[in-house]
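A.B. asks: Let me begin by handing over the structure; questions about it come next.
Protein chains in written order, with my numbering: chain C, 22 to 305; chain A, 2 to 432; chain Z, 149 to 440.
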């Protein structure tokens, strides 16, 4: 590879510029959240951190000022967390079970059911959003964690992920287990799933982020602010800023934004390898 | 002995019963400071008695609140009271059986109520064609004009323009001293619907929709064509500027002293007073002398409170009480003073006058005075379906006029044509 | 399929039933309802319903708004896919060539994946805002009369930019992974055959990335069609003049905000058919791929 110094330098410059393109906007928002609202209105976004950190964050996390601001950011983060956890765990369990059945069993409806699962890829949420509301209302699942989590966990991506992986597991494993007298349940619980630990963790990480970042579904399925996720919280605060006639409290909007993005970003950074594995190995 | 313990038990039972308050939920769209005043009023009511507890819940803007209300109703989880804005009135009133008309509610639960107590401009918008009120007007405003007194002084103009003809002359002088003449917010409201009312022009067939589901819109007419071509003309001459769809953006231009006059809401003066670094005054919405003289009444914007059907007798009793409480002169005056929305009853208006409020705050009276002008044939407002979408079309076509892409006649004809389709669809849905 | 399997009749159904049940209740049932609703006209509150055959479909397809939305969706997806795919590939290639700093750059360029489209949109709305936004000011200083609130082109360009910005990391991750999956032997052989860097890239490396590219192509299209909802809802919301609505966003607006359940359901069904076509196309290609 003809790696002259100048071409190497060029690559570095490009990569650094690209990194800044991503880092700067987000950093500026985070930094601005630590300033007073007046500073932002008068001087625009800030690059360096200010002194209003504790005040701002304390107020949005714990302030619960009467009727108008119905719920604290703390509560919203909790809701987001519950939703993301429930979604990710649920997905891992349900998808692994379904994939197991399809890969390791010969049964009559196997192909048919596989296609039913596949069908979910054809029905993205926007297509079924309006009737979904009615279905959840009829089942009394609006404004509930169940309603927020369960309907989303049945999409095909997780099942295909595990199917792919299970297919790559050597045949000998099952042969050996059968010889040892293991039944299908034992095999699944004691052998296959422990083997799939890494893959499950990888899927979990990816799905946690997907669950945390859900936007349209919580908007539609919650009418009670007690069930708002943090993403909805930001939307409300930005809206009141741009539509109101009072001094916009941008610092609070930015603080909420920071809270909304900090968890997924940290997860991606700390579990980088797992995350990439979950993404890349799963969708091939 | 026995009787003592019985008495004790009975007293406890009574005490427990007394503490069983009936909850009334109220979904509203009043954010920020307005929301705080809403909460204050609810708290005042709750503290004044212990049978009912009203809980206001902020649901976002007008559209979001209505959307939430629709969704909740479909899920059989509707609140008790909901605040619905002018553009949504046809949707909620047209759906048979969804709301309990307040006139009927008041009659049934013994609340004395006379529609004539309401200021004329307020009375008709949420009533049926026979004058029976379906929704209870809550936050009412009307478009008025704000003008920069300092700018006028600089330009040598003594009085703000009462007519658009006068405006044109003033704009020339204002331009000389560096001001654009005018900006306006929410054009469909300030320079569409209320323009037509001010000139007593019919908006739609079926008596503006009050007599049935309207199917034809009449926004293209000589006066509207003339006015909007003028706005385009003034844009090129630097007498008028459009700062986008945002209410705040057009207001900001007045605030920043880029424009000398601004068409806003009768309630806007509060926010302006707080931060404006110049002297400003409030005056009536101008009109074209060549089309009408003097200008006619405008009607209310804002929203009303509607009561959902299917609730318990007990709740309705409480709701009736609460609505009555909100319309007492004292509470109306409080709401008027705290928010800038007009007092909706004549009694409340009289109270404010007696209190000398308008001596200290003359801005606040302009809206009421404009609404109190005599009612004429076409100044009652409108009841049109799919109106949110129609307003959207209006905004788009207005932009086409101001950009020079279409003449007013073309653009407004397109508004009528597209709106007719939407109106027809709405009517079909309710057959 | 596996050669060694269980022959249990009952157990597999047990394993697969949770997913199937959820699919039936929350995917199939609402979709059937959507089809039903596409044939009726109903008022917002659901008190009066009428069967109208294909009227909703006619209304949707004969509507100029629908075509505006359709056109925008196609152009938008093409541009976003083009920009974010090429940028992603470019950055992945450069990163892959690094030896020592590969890990650092990978971290620096992949984390934006964690940002929700809605979060990105909200942040962007500030930067592009006419009163407070630095980018707005900057573009106007450059001479472009950039104004997303009244000029459709500005708004559309802004959306393309934001959506691409968000999607670059996704493509980056996959391309990097794909590049790293190319066997060293192939790379070494290519060094001998091709002297020019770019020729080597386009004739040898890129074709090997074809499966990844194809996969990402589909992913990006899906993203632009559906997941950009969060971005649109927090920035333009379809304005100005309704020129920034993707088909998916229009369904939401008409159905929820416009309370037109019949019309939006008809649009959903049309969109469903479109997705079906794309998926069939995708699967046909994948089947070919099996013989790679």
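In this text, a Cβ means the ideal position worked out from N, Cα and C, and glycines have one as well.
Quickly, what does DSSP pair residue 54 of chain A with across the bridge? List them, please.
C.D. replies: Against the second chain, residue 54 of chain A aligns to sequence position 53. For residue 54 of chain A, which the question treats as bridged, DSSP gives the partners A:24.
A.B. asks: How far does the alpha helix (DSSP H) with residue 32 of chain C in it extend, from its first residue to its last?
C.D. replies: Within the first chain, the letter at position 11 stands for residue 32 of chain C. Where residue 32 of chain C is concerned, the enclosing alpha helix (DSSP H) stretches over 26-53.
A.B. asks: Please state if the CB of residue 433 of chain Z and the CB of residue 362 of chain Z are separated by a distance shorter than 8 Å.
C.D. replies: The sequence position of residue 362 of chain Z within the third chain is 214, counting from 1. The sequence position of residue 433 of chain Z within the third chain is 285, counting from 1. Yes. Within cutoff.
A.B. asks: Which bits of chain A does residue 155 of chain C rub up against, with CB to CB less than 9 Å?
C.D. replies: As a first step, residue 155 of chain C is located in the first chain; it is residue number 134 there, counting from the start. Neighbours of residue 155 of chain C on chain A, chain order: 75 and 76.
A.B. asks: So with CB distances below 7 Å, who are the chain C contacts of residue 157 of chain Z?
C.D. replies: As a first step, residue 157 of chain Z is located in the third chain; it is residue number 9 there, counting from the start. What residue 157 of chain Z touches in chain C: 128.
A.B. asks: Taking residue 427 of chain Z as the query, report the chain C residues whose CB atoms sit under 9 Å from its CB, ordered along the chain.
C.D. replies: Position 279 of the third chain, counted from the first residue, corresponds to residue 427 of chain Z. By Cβ distance, chain C contributes 139, 142 and 143.
A.B. asks: Where residue 157 of chain Z and residue 135 of chain C are concerned, what is the direct C-alpha to C-alpha distance, given to the nearest angstrom?
C.D. replies: To locate residue 157 of chain Z, count along the third chain from 1; it is residue 9. To locate residue 135 of chain C, count along the first chain from 1; it is residue 114. Roughly 17 Å between the two C-alpha positions.
A.B. asks: Taking the beta strand (DSSP E) that residue 411 of chain A belongs to, which residues open and close that run?
C.D. replies: Your numbering for residue 411 of chain A matches position 410 in the second chain. Here residue 411 of chain A belongs to no beta strand (DSSP E); instead the alpha helix (DSSP H) covers 409-430.
A.B. asks: Take residue 321 of chain Z and list the residues in its own chain whose beta-carbon comes closer than 6 Å to its own, dropping the five residues that flank it on each side.
C.D. replies: Residue numbering aside, residue 321 of chain Z sits at position 173 when the third chain is read from its first letter. For residue 321 of chain Z, where only same-chain residues beyond five positions count, the Cβ hits under 6 Å are 258.
A.B. asks: Classify residue 89 of chain C: buried if its beta carbon has 16 or more other beta carbons within 10 angstroms, exposed otherwise.
C.D. replies: Taking the first chain and counting its residues from 1, one reaches residue 89 of chain C at position 68. Interpretation of residue 89 of chain C is limited by its pLDDT of 38, a score under 50 that renders its predicted location unreliable; no figure is taken from the coordinates.
A.B. asks: From what residue to what residue does the beta strand (DSSP E) around residue 149 of chain A run?
C.D. replies: Taking the second chain and counting its residues from 1, the one referred to as residue 149 of chain A is at position 148. Unbroken beta strand (DSSP E) run through residue 149 of chain A: 144-149.
A.B. asks: Opposite residue 287 of chain Z in the DSSP bridges: which residues?
C.D. replies: Numbered from 1 along the third chain, position 139 holds the residue referred to as residue 287 of chain Z. DSSP lists no partner for residue 287 of chain Z.
A.B. asks: So what does residue 304 of chain A bridge to, in DSSP terms?
C.D. replies: For the purposes of this step, residue 304 of chain A is taken as residue 303 along the second chain, with counting starting at 1. The partner list for residue 304 of chain A (beta bridge, DSSP) reads A:86 and A:140.
A.B. asks: Relative to the C-alpha of residue 221 of chain A, which candidate in A:421, A:425 and A:334 has its C-alpha closest?
C.D. replies: Numbered from 1 along the second chain, position 220 holds the residue referred to as residue 221 of chain A. Nearest of A:421, A:425 and A:334 to residue 221 of chain A, Cα basis: A:421.
A.B. asks: Just to confirm the assignment: which complete alpha helix (DSSP H) runs, minimum length 4, are found wholly within the region 246-326 of chain A?
C.D. replies: 248-256 and 270-276
A.B. asks: Touching or not, the region 94-110 of chain A and the region 222-232 of chain Z, by the rule of three or more beta carbon pairs under 8 Å?
C.D. replies: no
A.B. asks: Could you give the residue range of the beta strand (DSSP E) that holds residue 197 of chain Z?
C.D. replies: Residue numbering aside, residue 197 of chain Z sits at position 49 when the third chain is read from its first letter. From DSSP, the beta strand (DSSP E) with residue 197 of chain Z extends over 197-199.
A.B. asks: For the beta strand (DSSP E) that residue 317 of chain C lies in, which residues bound it at each end?
C.D. replies: The question about residue 317 of chain C has no answer, for chain C in this structure spans 22 to 305.
A.B. asks: Have a look at the DSSP bridge pairing and note the partners of residue 228 of chain A.
C.D. replies: As a working mapping, residue 228 of chain A is identified with position 227 in the second chain. For residue 228 of chain A, which the question treats as bridged, DSSP gives no partner whatsoever.
A.B. asks: Note down, in chain order, every chain A residue with its Cβ under 8 Å from the Cβ of residue 405 of chain Z.
C.D. replies: If you number the third chain from 1, residue 405 of chain Z lands on position 257. Near residue 405 of chain Z (Cβ distances below 8 Å), the residues of chain A are 64, 68 and 389.
A.B. asks: State buried or exposed for residue 270 of chain Z, treating a residue as buried only when at least 16 other CB atoms are found within 10 Å of its CB.
C.D. replies: Working through the third chain from its first residue, we reach residue 270 of chain Z at position 122. Residue 270 of chain Z is buried by the Cβ-count criterion.
A.B. asks: Considering only residues of the same chain and omitting the five flanking positions on each side of residue 419 of chain Z, which have a CB-CB separation below 6 Å?
C.D. replies: Counting from 1 along the third chain, the entry for residue 419 of chain Z is found at position 271. Taken in chain order, the residues that qualify are 395.
A.B. asks: Could you give the residue range of the alpha helix (DSSP H) that holds residue 190 of chain Z?
C.D. replies: For the purposes of this step, residue 190 of chain Z is taken as the residue at position 42 of the third chain. Counting along the chain, residue 190 of chain Z falls outside any alpha helix (DSSP H), though it belongs to the beta strand (DSSP E) covering 188-190.
A.B. asks: Is the distance from the Cβ of residue 66 of chain A to the Cβ of residue 27 of chain A below 8 Å?
C.D. replies: For the purposes of this step, residue 66 of chain A is identified with residue 65 of the second chain, where counting begins at 1. For the purposes of this step, residue 27 of chain A is identified with residue 26 of the second chain, where counting begins at 1. No, these two residues do not count as a Cβ contact at 8 Å.
A.B. asks: Starting from the Cα of residue 123 of chain A, find the closest Cα among A:31, A:72, A:52 and A:350 and give me that residue.
C.D. replies: Here the question's residue 123 of chain A lines up with position 122 in the second chain. Ranking A:31, A:72, A:52 and A:350 by Cα distance to residue 123 of chain A puts A:350 first.
A.B. asks: Check whether chain Z comes within 8 Å of residue 248 of chain C, counting only Cβ atoms and requiring the distance to be less than that.
C.D. replies: Position 227 of the first chain, counting from 1, holds the residue named residue 248 of chain C. Output row for residue 248 of chain C: interface = no.
A.B. asks: From C:26, C:103 and C:186, pick the residue whose C-alpha is nearest to that of residue 249 of chain C; which is it?
C.D. replies: Reading the first chain from its first residue, position 228 is the one you call residue 249 of chain C. Among C:26, C:103 and C:186, the Cα nearest to that of residue 249 of chain C is on C:103.
A.B. asks: Please state whether DSSP places residue 184 of chain A in a helix, a strand or coil.
C.D. replies: Along the second chain, one-based indexing puts residue 184 of chain A at 183. In this structure, residue 184 of chain A counts as strand in the three-state DSSP scheme.
A.B. asks: Between residue 134 of chain C and chain A, is there a C-beta pair that is closer than 8 Å?
C.D. replies: To locate residue 134 of chain C, count along the first chain from 1; it is residue 113. No, its Cβ sits nowhere closer than 8 Å to a Cβ of chain A.
A.B. asks: For the putative contact between residue 53 of chain A and residue 25 of chain A, defined by C-beta atoms under 8 Å, what is the C-beta separation to the nearest angstrom?
C.D. replies: Your numbering for residue 53 of chain A matches position 52 in the second chain. Your numbering for residue 25 of chain A matches position 24 in the second chain. That pair is a contact at about 6 Å.
A.B. asks: Applying a beta-carbon distance threshold of less than 8 Å, which residues of chain C neighbour residue 239 of chain Z?
C.D. replies: Indexing the third chain from 1 puts residue 239 of chain Z at position 91. Those are 35, 36 and 39, listed as they occur along chain C.
A.B. asks: Could you give the DSSP three-state label for residue 29 of chain A: helix, strand or coil?
C.D. replies: Residue mapping note: residue 29 of chain A aligns to position 28 of the second chain, counting from 1. Strand.
A.B. asks: Residue 150 of chain C: which of Z:154, Z:377 and Z:389 sits nearest, CA to CA?
C.D. replies: Along the first chain, one-based indexing puts residue 150 of chain C at 129. That would be Z:377, whose Cα lies nearest to the Cα of residue 150 of chain C.
A.B. asks: Note the first and the last residue of the continuous alpha helix (DSSP H) segment covering residue 245 of chain Z.
C.D. replies: Your numbering for residue 245 of chain Z matches position 97 in the third chain. DSSP places residue 245 of chain Z inside the alpha helix (DSSP H), whose first and last residues are 212-245.
A.B. asks: Less than 8 Å separating the beta-carbons of residue 94 of chain C and residue 252 of chain C?
C.D. replies: In the first chain, the residue the question calls residue 94 of chain C occupies position 73. In the first chain, the residue the question calls residue 252 of chain C occupies position 231. No, these two residues do not count as a Cβ contact at 8 Å.
A.B. asks: By a C-beta neighbour count over all protein chains shown, 10 Å radius and 16 as the cutoff for buried, is residue 31 of chain C buried or exposed?
C.D. replies: For the purposes of this step, residue 31 of chain C is taken as residue 10 along the first chain, with counting starting at 1. With fewer than 16 Cβ atoms within 10 Å of its Cβ, residue 31 of chain C is classed as exposed.
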